[in-house]
Amino acid sequence: MDFPGGHILSIDQFDRGDIDRIFTVADSMEPYAQRRKLTKVLDGAILGNMFFEPSTRTRVSFGSAFNLLGGEVRETTGVENSAIAKGESLYDTARVLSGYSDAIVMRHPQAGSVAEFATASRVPVLNGGDGDNEHPSQALLDLYTIKKELAANGRSLDNFRIALIGDLKYGRTVHSICKLLTLFKRVQVTLVSPTELKMPEQYVDQLQSAGHTVVETDQLEESIAKVDITYSTRIQEERFASRDEANLYRGRYRLNQAIYTQYCEPNTVIMHPLPRDSRAGANELDNDLNENPNLAIFRQTDNGVLVRMALFALVLDVVDQVDRSAREVAWYTGGRLTQ
Ligand code: CP
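Structure, rendered in structure tokens:
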């Protein structure tokens with residue numbers, strides 16, 4: 011894709027070269043994300059960070075990424091705090107906010123809403139998650155993490171095995187991941203879900219058309235026995251008609267240290283887009299895995315800042331200027347550097 015001035019709405023926009031480019035730029039952001047260096051390349055730029063659904067990581071890491079490049083962040087959280095609650099259209103909101111901002115990140119509960127918003131925006135729009143449709147920046151940071159984890163074992167993104175586990179029907183991160191995997195070769199994908207929450211057919215078809223092996227099952231233990239990556243997901247309660255309906259599936263798949271030790275190969279990487287549901291009735295990724303060195307969930311969240319910095323640098327066309335304004339940080343950074 012042509013990054014400068016472009017929107018980031020769907021994984022469909024990217025080819026393999028684009029992914030390589032994003033990951034190379036993300037690598038170059040490490041000194042800044044780890045607070046070894048400061049850059050002011052986006053000095054004066056404003057991000058409109060608009061989250062009409064709850065978020066911790068996506069909202070704060072997009073904001074931090076913009077700050078780390080020297081820009082400022084203005085936030086709107088919750089429909090009730092926006093004129094959308096008074097009936098304003100996405101078109102009008104986009105026309106207005108793109109006059110106040112140099113880039114906009116948006117999360118919205120309705121599939122397709124961020125793309126609709128982008129058609130009226132005068133500045134790049136990045137999809138922070140639209141309903142049960144896509145979460146492209148999450149998929150990018152997940153794949154970036156997988157790349158790093160595999161590389162640590164001398165492996166590459168072509169020819170690996172992954173199990174996607176949980177609510178595959180409503181989980182937008184797994185939808186974007188499936189699309190992203192089609193750009194790579196010889197991936198074995200095991201889809202583990204209750205029958206009612208299976209991966210929508212379109213994503214299975216895309217994986218198969220790309221030549222990948224796809225197995226669909228409702229059994230956890232046998233599925234995690236021969237994979238390089240387990241990727242658990244939360245039951246997306248907010249997409250169900252009622253909490254009672256979500257409760258039918260919550261807690262169906264629980265990965266804990268005992269199950270990991272019994273079934274997984276050594277060094278199987280444990281991932282989750284987060285938030286994990288740590289309530290007793292759910293617990294799809296148990297806290298007793300916290301000391302497992304293969305638990306990559308907090309490496310994922312750290313990598314999210316790098317990938318989101320890369321996306322801003324690419325769409326605002328400052329990749330080659332980041333280092334020009336760089337200087338060393340003045341404050342104590344010891345703890346972070348030993349992460
Ligand atoms: N992974 C993710 O989207 O997390 P948040 O909902 O906290 O942004």
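Going by my numbering, the first residue of the sequence shown is number 11, and it counts up by one from there. For every residue, glycine included, the Cβ atom is placed at its ideal position computed from N, Cα and C. Source: prediction; values computed, not measured.
Buried/exposed call for residue i, threshold 16 Cβ in 10 Å
i: Asp37; result: exposed
i: Asn143; result: buried
i: Ser219; result: exposed
i: Pro146; result: buried
i: Asp177; result: buried
i: Tyr397; result: Past the edges of the chain, shown from 11 to 349, lies residue 397, and the structure says nothing about it.
i: Thr278; result: buried
i: Ser108; result: buried
i: Gln310; result: buried
Residue i beta carbon near the ligand CP (any heavy atom closer than 7 Å)
i: Arg84; result: no
i: Gln198; result: no
i: Pro146; result: no
i: Leu78; result: no
i: Pro283; result: yes
i: Arg69; result: yes
i: Thr66; result: yes
i: Gly176; result: no
i: Gly139; result: yes
Contact check, residue i vs residue j, beta carbons under 8 Å
i: Gly80; j: Lys50; result: yes
i: Val83; j: Asn77; result: yes
i: Ala235; j: Cys274; result: yes
i: Phe24; j: Met11; result: yes
i: Ile156; j: Leu167; result: yes
i: Ile32; j: Leu324; result: yes
i: Leu151; j: Asn313; result: yes
i: Tyr154; j: His185; result: no
i: Val115; j: Leu57; result: yes
i: Tyr101; j: Ala130; result: yes
i: Ile245; j: Ile172; result: no
i: Glu297; j: Ser288; result: Sequence check: residue 297 is Asn here, not Glu. Yes, Cβ-Cβ distance for Asn297 and Ser288 is below 8 Å.
i: Thr103; j: Ala93; result: yes
i: Glu85; j: Gly97; result: no
Own chain residues within Cβ distance below 6 Å of residue i, not counting five before or after
i: Glu226; result: Leu201
i: Thr223; result: Gln198
i: Val339; result: Arg45, Leu48
i: Val317; result: Ala36, Leu150, Leu151, Tyr154
i: Phe13; result: Leu324, Val325
i: Leu191; result: Val197
Reference residue i, options the options, closest by Cα
i: Arg165; options: His145, Leu316, Thr183, Arg196; result: Arg196
i: Ala128; options: Thr205, Gln120, Ile18; result: Ile18
i: Met319; options: Val133, Arg309, Ile307, Val332; result: Val332
i: Leu326; options: Gly344, Val317, Arg182, Ala113; result: Ala113
i: Asp30; options: Phe322, Ile307, Asn313, Leu193; result: Leu193
i: Val183; options: Glu247, Pro64, Pro283; result: Sequence check: residue 183 is Thr here, not Val. It is Pro283 whose Cα lies nearest to the Cα of Thr183.
i: Tyr263; options: Gln229, Gln246, Leu316; result: Gln229
i: Thr87; options: Ala43, Glu98, Ala251, Met60; result: Met60
i: Val106; options: Pro119, Val124, Arg132, Gln120; result: Arg132
i: Gly7; options: Pro14, Glu255, Tyr110; result: In the structure as shown, the chain starts at 11 and stops at 349, and residue 7 therefore has no counterpart that could be examined.
i: Arg260; options: Ala290, Ser335, Glu90; result: Ala290
i: Asp330; options: Leu52, Pro210, Ala43; result: Leu52
i: Phe170; options: Val237, Ser335, Gln310, Tyr101; result: Val237
i: Gln148; options: Thr243, Phe13, Met209, Arg337; result: Thr243
i: Ala256; options: Phe72, Gln310, Ala292; result: Ala292
i: Ala336; options: Pro14, Phe13, Ala43, Thr34; result: Ala43
i: Gly356; options: Asp215, Glu231, Ser20; result: There is simply no residue 356 to check, as the chain begins at 11 and stops at 349 in what is shown.
i: Glu232; options: Pro210, Ala251, Arg253, Ser203; result: Ser203
i: Ala75; options: Ser108, Val315, Pro210, Lys158; result: Val315
Contact set for residue i: own chain, Cβ-Cβ below 7 Å, skip 5 residues either direction
i: Arg249; result: Asp142, Tyr180
i: Gly356; result: Because residue 356 is not part of the residues shown, which for the chain are 11 to 349, the question remains open.
i: Arg117; result: Phe61, Phe62, Glu63, Ser65, Thr68, Gly138, Gly139
i: Pro41; result: Lys47
i: Glu159; result: Val279, Ala306
i: Pro119; result: Phe62, Glu63, Gly141
Close Cβ partners of residue i (< 8 Å) along its chain, the five nearest in sequence each way excluded
i: Asp22; result: Lys189
i: Leu299; result: Leu265, Asn266, Gln267, Tyr270, Ile280, Leu305
i: Ile307; result: Ile280, Met281, His282, Leu284, Arg286, Leu295
i: Gly27; result: none
i: Thr205; result: Asp228
Residue-level contact to chain B via CB, residue i, 8 Å cutoff
i: Trp341; result: Structure shown: chain B not included; a single protein chain is present.
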